[in-house]
Amino acid sequence: MDIKAYIALSLTLFTLGIIGVLVRRNAIIIFMCIELMLNAVNLLLVAFSKMHEASTAAKLSPTFAGDAQILVFFIMVVAAAEVSVGLAIIVMLYRNTHSVDVNFLNRLKN
Amino acid sequence: MNNVLQIVWLIPVLPLIGFLINGAGRNVLSKGISGFIGSAVVLGSFLLSVFVFMQVKSGNTHVAHYFNFINVDMLKIGFDFKIDQLSSLFLLIITGVGFLIHVYSTSYMHEEPSKDFAKYFAYLNLFVFSMLLLVMGANYVIMFIGWEGVGLCSYLLIGYWFKNNDYTNAAKKAFIMNRIGDLGFLLAVFWLIAKLGTVDYQSVFDVVANPKTNPLTAFDITGITLLLFVGATGKSAQIPLYTWLPDAMAGPTPVSALIHAATMVTAGIYMIARSNILYTMAPHTQHVVAVIGLATGVLAATIALKQNDIKKVLAYSTVSQLGYMFLGLGVGAYTGAVFHVMTHAFFKALLFLGAGSVIHAMGGEQDMRNMGGLNKHMRTTHMTFLLGCLAIAGMPPFSGFFSKDEILASAYAKNPVLWGIGVITAMMTAFYMFRLYAMTFKGQFRGTHEQEHHLHESPAAITIPLIVLAILAVAGGWVGIPEVFMHGGHKLEAFLEPVFASSNAITAKHEMSHSTEYMLMGVSVAGALVALLYALNVFSKYQKSEKESTGISKILENKWYVDELYNAIIVNPIKAISAFLNNIVERKLIDGLVNGTGKVVNYGSRQLRWLQSGQVGAYVLLMVIGILLLFIIQLFL
Amino acid sequence: MGKFITFPELLIWLPLLGGILSFFAKKGQSAKSLALFVSLLVLAVSAASLFYTGDKFASWNAVNYYYRNNIGSTFFVKLDGTGRILTFLTALAFPIILTATYRNNYKNPASFYGLMLLAQAGLMGVFCSMDALLFYFFWELALIPVYFLCSQWGGEKRIQVTFKFFVYTFVGSLLMLTGIIYVYLHTAGRVFEDGTIVSHSFSISAFQQVHLGVKEQGWLFWLFFVAFAVKMPVFPFHTWQPDAYDQSPTAVTMVLSGIMVKMGLFGVIRWLIPVFPQASIQYSHIVMILAVTGIIYASCLAIVQDNIKKLVAYSSIAHIGLMCAALFAMNPIGTQGVMLQMFNHGINIIGMWIVVDLLEQQTGVKEISKLSGVAHKAPVLTILLVIIALANIALPLTNAFTGEFMMFSGLYMFSGWYAAIAGIGIILAAVYTLNMIQKVFYGNSNSIVDSLKDISLNEKLILAVIVCIIFFVGVYPQPVIDLTKNAVSVLTAAVK
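Residue numbers (the working numbering), protein chains in the order written: chain E, 7 to 116; chain S, 3 to 639; chain R, 2 to 497.
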């Protein structure tokens, strides 16, 4: 399949994520949008990895194939860790303010 | 080094010691002691000067080296004294007349509290010290030390009565005007250093006089001599820097005598006579000197015609006589100028001290309109004063005749027009001097009754110096009797010959027929005599009138409004500029720039603060915009 | 001596230790006495150092410790002619200042005197160090105590004024630091005796040998010059000075005007001209125009000042301007004059401040227009002030004349016009000085000066010392000239 389709999909997902972060005030939704952006990048990584595999990997060694895709797992692990911390913050926020509206967060300023 | 003249350092050091004793002990010394010390040290210097003069006369001249003053790189300036014909003559005049003035002061200043009395003598001694340094120095820097020193002393003495604001203003004016001249002098010295690497008279003159070694262009010499002349105009009160001298009358009268007769004002003449070779080689400068000298002579004489303050008349007459001397220098009659310095020292000191005696008798009154008929009360003062007046008016055979005549003859040889104006000035001199004489001593007394009661002849300490000076004023000119009258009569010229030898070698000797010379003398004497008799006749019958003067005489009374002019074109603009710089440039512009920078930073920071809103969304938006911008720059630009 | 400790070390460590000790003093009086004692000790050391010059005593006057050889900086201190005269001035000034202000009581005296001594240590270091990094370190060490002294013990507007002073000098310092680092990165490498190899060096010889292009020299010159110009100060970098002099406690003002301003001149002599000779020649006209403008400008401003302290401040700017101009004439006579005049100016202006301080302490006013007839009440004070003021306007036979004479003739050799214009400053100096004397000391005394008493013994003594120095150097300046002769020839050789 043409790489351009993957790029287009990834770009769409990423843009959706950005717009979500910008326009929504609900912390959970923002959080989900950030995950969406992360996964858009993941998708792109996998796609490029697959693309390059065909051209260069064969020349070097058979075991090389798919190495780049390992990176995606790393990202997933980091994302999972981030989710746990982030969700914990949101839960604490909800307990304190009874709201998950991020605009309440500017109270930290004072 | 074993020359007996090596001890000349004592001559200036004695007055310095007097200054230190009187200055340090002014609270403990009685008037008698401080007066005695003050006079004795100058007497000591005078005796030494006589000894030095005898030595020089027998042919022993000497440059005494004491220590290195400034010795850096190529420039070597020694603390050296030069004893030759010119300086030994000036030494005699300064210490001799100076001593008489000191003696006179012991009586004149007797009413001062003893603390101030000692201070006065300390200043007087310092004055003599500075003047001695000035004439004894063997290079321009030592001369400059004395040069500024007399400026300082005149400042101190003119402002001696420092409670009076007018007096301190006059003192300040004297100092500042002198400083303007001093700047010219200094620049000339720097010019010499830059071109020749030396300021020593002997090496400068030797190098310059020899056409083979002379590194100075005509422009250099003209520049140097003009700048030196600027210095001389300040010190010797010539146009344009003369206005301080009449104001200097604020000081005690003996001080005026000292400044005007023996010391300070003759410094400019001495300096030019000393540098005669430079001036001889700069004809343009000589021309300027002659013209300025003559112009000053005329201007001051016209002002003197209408003054009523006895000291002011004498002051302007000094300015006028100094103009004469510069005329002499300008036409190359160096001997004549020095001769006139000498005779002028005698008769002007006499006149000032006489005027002081009158003021003393009048209880401080200086206005001649309130005097008159004093000849009955003050015989000695009257007689000596008359002799002084005759001398300054140029009547033969008094001293002023010979010296003035010599200058006028040289001026005629150069240009008859100069001579003509000179004769007119001489007539004015005779007129105002006899106006002064007649208003003071002749006619009826016009003062108050208390003053009349108070009138008395002054004590011996005042009259004896007057008598001595009167003898000198009469006979002082006989050392310079011109060739026409007596062969080999001009002893002074022969004596000063070595000093002016190199100048005389360059200038063509002008021979004048005896008949011309007689004619010139006849005209000037006749003119002066007419003016003299007319003044005597008119002002012996002087009556006080309250009439406001008008026209030209009002202008003359106000001294041609020169002071006002200087205020308008120099003093006030400087004040205005300074105020402008202070209020606008310093406060608004420079400080404004500095503070403005601070304000801009402050303001900018306050504006930037709004970006820190605390809204997460806003931060993210900014971030996204930033990322997009980077993309655009990276991909499209 | 020589083997264990050297003159420059003593000059730096003594005040430094004294200063630190002074912070721990319990009683104010003991801090005061300690400071005076230490400063006298330093004076003794410095006076001794004047007699041990020459190659024979080279090891007594220089020392080089390798403390940071990994970056090519060493503790290299040395007394040369310029350094010797300025350290002597510093050593002489501090006892004079401390004695003259002995009866002033400062709050928190332990810190006050501690900071004073620290400033002295910094100054000594500046004048001795032969290593750029060390120089910069001492430069700041000298300034920082002064910031505190001004801001803690100053007049009403002290915070504002100190802030201005701080910003000015700090900007200058940073520019200089940038310059130092840039030059450092272009210096050649060096191998130390212990085997350490560094690729660059901070030592003055490395700086002097550095190869820089004309353009580089040009902008580096300005980086350094601005730092020094602020310190001097040269027009138009001067506006911090009158305010700082006015608001600082007098003792600090004396340090600032008597010694600190010499840091700028010294920097030019030691670092600017030898390191950037081409640029110095290239820009000498611009510097000179600034300096000469500054002379006239400051003199004009001095005429209209009513605050006597500001008058002295502006007159100081004018004098420093002349020194700066003469320095950039870069010929032996002018430079020699500057060396001499740095010393003279320090002495004279401290004398000036002592008198001004006495007046202000006793009458409580510093406006010229409010004072009158002081001469009746305090004749001795008047005489001494007149002498010092006349020395300040360079009357012959006072010290300033010899210095100014040489500076002017150096300047004249460079260009007659600059000398002539700068000469107008001499006339203006007479105007404002005599105006001040006339208004403050002459005339009839008014009610403000009625309470004035003539000066006490220790002030009389101090002023007498100053007057003696004025006349000694005025009549026989040759010893001072000889002291700095070598330094001058080194400097002028660098330009050639």
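Built from N, CA and C at the ideal position, the CB exists for glycine as well.
In this structure, DSSP gives F400 (chain S) a state outside helix and strand, which the three-state scheme calls coil. Secondary structure of Y67 (chain R) (DSSP, three-state): strand.
Under the 8 Å criterion on CB atoms, N109 (chain E) is classed as interfacial with respect to chain S.
With fewer than 16 other Cβ atoms from the protein chains shown falling within 10 Å of its own Cβ, V29 (chain E) counts as exposed. With at least 16 other beta carbons inside 10 angstroms of its own, P478 (chain R) counts as buried. With respect to the C-alpha of Q363 (chain R), the residue from R:V375, R:G352, R:S370 and R:M353 having the closest C-alpha is R:V375. For the stretch 603–623 of chain S, the beta-carbon criterion of a distance under 7 Å to any beta-carbon of chain E is satisfied by G616, Q617, V618, G619, V622 and L623. No Cβ of chain R is located within less than 8 Å of the beta carbon of I19 (chain S).
Taking 8 Å as the cut-off, the Cβ atoms of L99 (chain R) and S23 (chain R) do not count as close.
With a contact defined as Cβ atoms closer than 8 Å, L331 (chain S) and I271 (chain S) qualify at about 7 Å. Residue-level contact by beta carbon fails for T287 (chain S) and chain R, as no gap is shorter than 8 Å. Below the 8 Å Cβ cutoff, chain R contributes Q439, Y443 and G444 as neighbours of T170 (chain S), in chain order. Going by DSSP, T251 (chain R) is part of the alpha helix (DSSP H) stretching over T251 to M255. Between the stretch 280–294 of chain S and the stretch 339–358 of chain S, the count of Cβ pairs shorter than 8 Å is below three; the stretches do not touch. Contact check for A462 (chain S) against L352 (chain S) fails: the beta carbons are separated by 8 Å or more. In this model, V333 (chain S) and A275 (chain S) are separated by some 12 Å (Cα to Cα).
One finds F409 and G424 in chain R with Cβ atoms closer than 7 Å to the Cβ of L188 (chain S), taken in chain order.
If you check the CB distance, D311 (chain S) and D369 (chain S) come in under 8 Å. At least one CB of chain R lies nearer than 8 Å to the CB of R181 (chain S). Boundaries around K314 (chain S) are those of the alpha helix (DSSP H), I312 to G332, since no beta strand (DSSP E) includes it. Identification of chain S residues near I24 (chain E) by a Cβ-Cβ cut-off of 8 Å yields V626, ordered along the chain. In this model, V54 (chain S) and L102 (chain S) are separated by some 19 Å (Cα to Cα).
Within the same chain, Cβ atoms closer than 7 Å to the Cβ of T431 (chain S) are found at A303, S319, S322, I394 and A395, the five residues on either side in sequence being excluded. Annotation: the continuous beta strand (DSSP E) that includes H67 (chain S) extends over H64 to V74. Take H320 (chain R), set aside five residues on each side of it, and the residues of its chain with a beta-carbon closer than 6 Å to its own are H346, in chain order.
Using a C-beta cut-off of 8 Å, the stretch 206–225 of chain S makes no contact with the stretch 156–165 of chain S, since fewer than three inter-stretch Cβ pairs fall below that distance. DSSP places S74 (chain R) in the uninterrupted beta strand (DSSP E) bounded by S74 to K79. I471 (chain R) is a Cβ neighbour of T399 (chain R), given a cutoff of 8 Å.
When secondary structure is reduced to three states using DSSP, D455 (chain R) falls in the coil class, being assigned neither helix nor strand. The DSSP-derived three-state label of E459 (chain S) is coil. Excluding residues up to 5 positions away in sequence, N5, L7 and I85 lie with their Cβ nearer than 6 Å to the Cβ of H64 (chain S) in the same chain.
In the DSSP assignment, V199 (chain R) forms a beta bridge with R:R191.
Neighbours of I296 (chain R) across chain S, judged by C-beta separation under 9 Å, do not exist; the nearest C-beta is about 13 Å away. At a cut-off of 4 residues, not a single continuous stretch assigned as alpha helix (DSSP H) sits fully inside the stretch 464–492 of chain S. Neighbours of L28 (chain E) in chain S, taken as residues whose beta carbon is under 9 Å from its own, are G619, V622, L623 and V626 in chain order.
Along the stretch 461–486 of chain R, going in chain order, the ones with a CB nearer than 9 Å to a CB of chain S are V476, Y477, P478, Q479, I482, D483 and K486.
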